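Those sequence lines, one after another, are chains F and B.
Each residue of the first sequence is one higher than the last, beginning at 1 in our numbering.
Each residue of the second sequence is one higher than the last, beginning at 427 in our numbering.
The structure under discussion appears below in the form of structure tokens.
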Amino acid sequence: MSFPWAKQYTPSHPAMVWLDEKLPLPRLIYGAVGAGYEVPRNLNYMYNFGFMAGLCLMIQIVTGIVLAMHFAPNSAIAFDSTEHIMRDVNWGWMLRYGHSNGAALFFAVIYLHIFRGFYYGSYKAPREMIWLLGVVIFLLMMATAFMGYVLPWGQMSYWAAQVITGFFTAFPLIGDGLKEWLLGGFAPDNATLNRFFSLHFLLPFVILGVVILHIWSLHIPGSSNPTGVEVKTKADTVPFHPYYTAKDGWTVGVFMVIYGLFVFYMPNSMGHPDNYIPANPMQTPAHIVPEWYFWPFYAILRSFTQPLLFIPGKLMGVLAMFASILVWFFMPWLDKSPVRSAKFRPLYRKFFWALVIDVLVLGYCGVSPPEQPYILLAQLATIYYFAHFFIIVPLVSSIERPEPLPFSITEAVLGHDGQAALAAKG
Amino acid sequence: MAQDAGIDTPAADSGSGDGALESGGVRRRDFINIAAVSAAGIGGLAVLYPLISQMAPSADVLAEATTEIDLAAIQPGQAIKALFHKQPLFVRNLTAEEIKKATDVDNNPAEFATLRDPATLADRTKPGKQNWLITAGVCTHLGCVPLGAGPGEEMSRGAFGGYFCPCHGSTYDTAARIRKGPAPRNLEVPPYEFTSDTVVKIG
Numbered sequence: 001m002s003f004p005w006a007k008q009y010t011p012s013h014p015a016m017v018w019l020d021e022k023l024p025l026p027r028l029i030y031g032a033v034g035a036g037y038e039v040p041r042n043l044n045y046m047y048n049f050g051f052m053a054g055l056c057l058m059i060q061i062v063t064g065i066v067l068a069m070h071f072a073p074n075s076a077i078a079f080d081s082t083e084h085i086m087r088d089v090n091w092g093w094m095l096r097y098g099h100s101n102g103a104a105l106f107f108a109v110i111y112l113h114i115f116r117g118f119y120y121g122s123y124k125a126p127r128e129m130i131w132l133l134g135v136v137i138f139l140l141m142m143a144t145a146f147m148g149y150v151l152p153w154g155q156m157s158y159w160a161a162q163v164i165t166g167f168f169t170a171f172p173l174i175g176d177g178l179k180e181w182l183l184g185g186f187a188p189d190n191a192t193l194n195r196f197f198s199l200h201f202l203l204p205f206v207i208l209g210v211v212i213l214h215i216w217s218l219h220i221p222g223s224s225n226p227t228g229v230e231v232k233t234k235a236d237t238v239p240f241h242p243y244y245t246a247k248d249g250w251t252v253g254v255f256m257v258i259y260g261l262f263v264f265y266m267p268n269s270m271g272h273p274d275n276y277i278p279a280n281p282m283q284t285p286a287h288i289v290p291e292w293y294f295w296p297f298y299a300i301l302r303s304f305t306q307p308l309l310f311i312p313g314k315l316m317g318v319l320a321m322f323a324s325i326l327v328w329f330f331m332p333w334l335d336k337s338p339v340r341s342a343k344f345r346p347l348y349r350k351f352f353w354a355l356v357i358d359v360l361v362l363g364y365c366g367v368s369p370p371e372q373p374y375i376l377l378a379q380l381a382t383i384y385y386f387a388h389f390f391i392i393v394p395l396v397s398s399i400e401r402p403e404p405l406p407f408s409i410t411e412a413v414l415g416h417d418g419q420a421a422l423a424a425k426g
Numbered sequence: 427m428a429q430d431a432g433i434d435t436p437a438a439d440s441g442s443g444d445g446a447l448e449s450g451g452v453r454r455r456d457f458i459n460i461a462a463v464s465a466a467g468i469g470g471l472a473v474l475y476p477l478i479s480q481m482a483p484s485a486d487v488l489a490e491a492t493t494e495i496d497l498a499a500i501q502p503g504q505a506i507k508a509l510f511h512k513q514p515l516f517v518r519n520l521t522a523e524e525i526k527k528a529t530d531v532d533n534n535p536a537e538f539a540t541l542r543d544p545a546t547l548a549d550r551t552k553p554g555k556q557n558w559l560i561t562a563g564v565c566t567h568l569g570c571v572p573l574g575a576g577p578g579e580e581m582s583r584g585a586f587g588g589y590f591c592p593c594h595g596s597t598y599d600t601a602a603r604i605r606k607g608p609a610p611r612n613l614e615v616p617p618y619e620f621t622s623d624t625v626v627k628i629g
């Protein structure tokens, strides 16, 4: 997509002219993430996380490919080969810590990216497809992260594989067979480790493909912005390069500082010490918790302790956990308000923050032991989570009286005087 | 379809006309199209089957599906963990007192009615071998290994004296029946038979 005023790619070097005729790849890049992509001038820092997520994916792919050169996906030696990477391979410790902490920070970045989407109504028409593809990417990320966590074949790896594939036994009739098919056996074993390695290698490239679709669908309407008002004139936009490449570059620097702190100074702070014990099918660790980025979903899973509507609690928990993410797919249609940005939606804004707190409470319950008062707290927070999507969002969008929107992006940035200033400049 | 007609009858200038006349508007080209697409579709599905089936437990995994255990060394009150289906198996020699605790529930209809997954000790053991409680060591909640069969775990058998799962607090009695906590079912009893007085074959 480009606005009529977007710059056109004009190669000057004869070689580039020749290439442009044969394969206009530089033209594609110029229009997609270069000076040819016009972006609203008023994006704030919350809009930097998409670029950072792309960077995280690249870090994971690069560190992952080199780790795969040293890792042995066989249950007899997987644990030892991981320790071999940590102790013997040149820079192996840095690559592995970079990969494991990179995964956690990837989720942190993605959550902030999703947060931005919810707050500024980025999912609304005409950008529904961008949102749907984004949810697909998130689901793929969860699957990839889980399978990657199993690979070192430590105690947490093994029991994560056991408990998570155990979810599928909740389904009546097909459940046990489904679990055996997923594991390739009756319990996690070499077959499981092998296939998880294969899929863990494949899925990041699937994610990359969906990311390309995500960006493609973004470039049809163009980027949204904090006012939620569409681009009207040339004055509303600036070229992606150099304006946003420079701004994104700055936050990449900030990200690298935080990433470096984790990798070099506290590489195990987000891990679990039990994963340095080799997998033992005969002994379950005393306290099984997933990585922090799955805590809220784990809390939803565990909050169904009793049958509901004749559905056993175990199945209900599994269904609710999947539903808690699948409901995001319906966001563009559950939220009927024509106003995009929560900045101009006083009522929605309050409930938005209530949901943020609710998810934090769920996360807290997810890491706590499964006993009272955490069970009750998680149950209340789960009810509120689903009420937000199915009751509060549709209701608020029909009764709310939004605040007046600015006439244009330029007016929002420069105020009413901006029109005069631009006219004078004009 | 109409554009195929020219290829179907290259000599004909009249286009789709004579092709359509062959048999009630159906041309040979239509049959070939449907046959080719069907063959490709069925072929594709046929390839899908092995691709899905390869993920199921392989022959060597299935071949390990039986295991033999010597019971001679297991004293009353003692339990051992064996490996069956690559998962723990609990073999327990119940004491007379533990058998009584289980059968007291069986013989008391009021208490028996409170069981989540009703079964008697006799249902869960072999006739005349009621002291041998052989069950999977896999909690029916999310697959953790309960405490109570490993060495030094005699004090961690929970309030009902059977097994206790530390993950989410499921408590099993001396017939390995679920009595308290989130697990939906009793510990599973695998198929097994006594090949002699002191040897059992599991699976």
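For glycine and all other residues, C-beta sits at the position ideal for the given N, C-alpha and C.
Note that the structure is predicted; figures quoted are calculated from it, not measured.
On a Cα-Cα basis, can you pick out the residue from F/VAL413, F/PRO402, F/ALA320 that is closest to F/ALA387?
As a position in the first sequence, residue 387 of chain F is number 387, starting the count at 1. Per the Cα distances, F/ALA320.
Residues of chain B with CB under 7 Å from F/VAL109, in chain order?
Within the first sequence, numbered from 1, the residue matching residue 109 of chain F stands at position 109. Within chain B, no residue comes near F/VAL109; the closest Cβ sits about 30 Å away, beyond 7 Å.
Assuming contact is defined by CB atoms lying nearer than 8 Å, are F/THR245 and F/TRP159 in contact in what I supplied?
For the purposes of this step, residue 245 of chain F is taken as residue 245 along the first sequence, with counting starting at 1. For the purposes of this step, residue 159 of chain F is taken as residue 159 along the first sequence, with counting starting at 1. No; because the gap between Cβ atoms is not below 8 Å, this pair is not in contact.
Buried or exposed: F/TRP153, going by 16 or more other Cβ atoms within 10 Å of its Cβ?
Locating residue 153 of chain F in the first sequence gives position 153, where the first residue counts as 1. That one is buried.
What's the gap between the Cα of F/ASN280 and the Cα of F/ALA76?
Residue 280 of chain F sits at position 280 when you count from the first residue of the first sequence. Residue 76 of chain F sits at position 76 when you count from the first residue of the first sequence. Each residue's alpha carbon lies about 12 Å from the other.
Which residues, taken in chain order from the stretch 463-490 of chain B, show a beta carbon closer than 7 Å to some beta carbon of chain F?
For the stretch 463-490 of chain B, which is checked against every Cβ of chain F, the residues closer than 7 Å are MET481, ALA482, PRO483, SER484, VAL487.
Can a CB atom of chain D be found closer than 8 Å to the CB of F/ASP189?
Considering every chain present, this structure includes no chain D. Its protein chains are F and B.
Going by DSSP, what residue range makes up the alpha helix (DSSP H) through F/ALA354?
Here residue 354 of chain F refers to the residue found at position 354 when the first sequence is read from its first residue. From DSSP, the alpha helix (DSSP H) with F/ALA354 extends over 346-367.
By Cβ distance, which residues of its chain are closer than 7 Å to F/LEU203, with the 5 residues on each side in sequence left out?
For this step, residue 203 of chain F is matched to residue 203 along the first sequence. For F/LEU203, where only same-chain residues beyond five positions count, the Cβ hits under 7 Å are LEU140, ALA143, THR144.
Leaving aside the five residues before and after F/LEU112 along the sequence, list all residues of the same chain whose C-beta is less than 6 Å from its C-beta, in chain order.
To locate residue 112 of chain F, count along the first sequence from 1; it is residue 112. The answer, listed in chain order, is PHE49.
Which residue comes first and which comes last in the alpha helix (DSSP H) that contains B/GLU494?
Here residue 494 of chain B refers to the residue found at position 68 of the second sequence. Premise fails: B/GLU494 lies in the beta strand (DSSP E), 493-496, not in any alpha helix (DSSP H).
Output yes if chain F places a C-beta closer than 8 Å to the C-beta of B/GLN513; else output no.
Within the second sequence, the letter at position 87 stands for residue 513 of chain B. Chain F, which has a Cβ nearer than 8 Å to the Cβ of B/GLN513, makes this yes.
Could one say the Cβ of B/LYS627 lies closer than 8 Å to chain F's Cβ atoms, at least one of them?
Indexing the second sequence from 1 puts residue 627 of chain B at position 201. No, no contact with chain F.
Could you run through the stretch 594-622 of chain B and flag, in chain order, every residue whose CB is less than 8 Å away from some CB of chain F?
Result list: HIS594, GLY595, PRO608, PRO610.
To which residues does DSSP link F/ASP335 through a beta bridge?
Position 335 of the first sequence holds residue 335 of chain F. Answer is none; F/ASP335 lacks a bridge partner.
Hey, would you say B/VAL625 sits closer than 8 Å to B/LEU509, going by beta carbons?
For the purposes of this step, residue 625 of chain B is taken as residue 199 along the second sequence, with counting starting at 1. For the purposes of this step, residue 509 of chain B is taken as residue 83 along the second sequence, with counting starting at 1. Against a cut-off of 8 Å, the Cβ pair of B/LEU509 and B/VAL625 comes out as no contact.
What does F/GLY366 reach in chain B if we use C-beta pairs closer than 8 Å?
Numbered from 1 along the first sequence, position 366 holds the residue referred to as residue 366 of chain F. Result: empty, since nearest Cβ-Cβ is about 13 Å, beyond 8 Å.
Using beta carbons (cut-off 8 Å, strictly below), is F/ARG195 in contact with chain B?
By one-based count along the first sequence, residue 195 of chain F stands at place 195. Closer than 8 Å to some Cβ of chain B, the Cβ of F/ARG195 qualifies, so yes.
Could you have a look at F/THR284 and say whether DSSP puts it in helix, strand or coil?
Counting from one through the first sequence, the residue named residue 284 of chain F turns up at place 284. Coil at F/THR284, not helix or strand.
Which of the three DSSP states is assigned to F/TRP292 in this structure?
Here residue 292 of chain F is taken as the residue at index 292 of the first sequence, counted from 1. Helix, per DSSP.
Assuming F/ALA187 contacts B/HIS511 under a Cβ cut-off of 8 Å, what Cβ separation, rounded to an integer in Å, is found between them?
Against the first sequence, residue 187 of chain F aligns to sequence position 187. Against the second sequence, residue 511 of chain B aligns to sequence position 85. At roughly 7 Å, the Cβ-Cβ gap stays under 8 Å, so F/ALA187 and B/HIS511 are in contact.
Just the Cα atoms here: how many angstroms apart are B/ALA437 and B/GLY450?
On the second sequence, position 11 is the one that residue 437 of chain B refers to. On the second sequence, position 24 is the one that residue 450 of chain B refers to. Low confidence applies to B/ALA437: its pLDDT is 47, below 50, so where it sits in the model is not reliable enough to give any reading.
Using C-beta distances below 8 Å, list every residue in its chain close to B/SER596, excluding the 5 sequence neighbours before and after it, in chain order.
As a first step, residue 596 of chain B must be located in the second sequence, where it is residue number 170. So the list reads CYS565, THR566, HIS567, PRO572, PHE590, ILE604, LYS606, GLY607, PRO608, ALA609, once near-sequence residues are dropped.
Since F/GLN162 meets chain B, which of its residues come closer than 7 Å, beta carbon to beta carbon?
Taking the first sequence and counting its residues from 1, one reaches residue 162 of chain F at position 162. Going along chain B in sequence order, the residues near F/GLN162 (Cβ under 7 Å) are GLY569.
Is there at least one Cβ from chain F nearer than 8 Å to B/PRO592's Cβ?
If you number the second sequence from 1, residue 592 of chain B lands on position 166. Interface residue, yes.
Beta-carbon within less than 8 Å of F/LEU315's beta-carbon, same chain only, minus the 5 sequence neighbours each way: which residues are those?
Numbered from 1 along the first sequence, position 315 holds the residue referred to as residue 315 of chain F. Cβ within range, chain order: ALA170, PHE171, PRO172.
State the Cα-Cα distance for the pair F/MET52 and F/MET46, rounded to the nearest angstrom.
Taking the first residue of the first sequence as position 1, residue 52 of chain F is located at position 52. Taking the first residue of the first sequence as position 1, residue 46 of chain F is located at position 46. The alpha-carbon atoms of F/MET52 and F/MET46 are separated by roughly 11 Å.
Verify the contact flag: F/SER224, CB atom, against every heavy atom of the ligand ZN, threshold strictly below 7 Å.
This structure lacks the ligand ZN; in fact it carries no ligand of any kind.
Rounded to whole angstroms, what's the CA-CA distance from F/ILE258 to F/PHE240? Just pull it up for me.
Taking the first residue of the first sequence as 1, we reach residue 258 of chain F at position 258. Taking the first residue of the first sequence as 1, we reach residue 240 of chain F at position 240. F/ILE258 and F/PHE240: Cα-Cα distance of roughly 25 Å.
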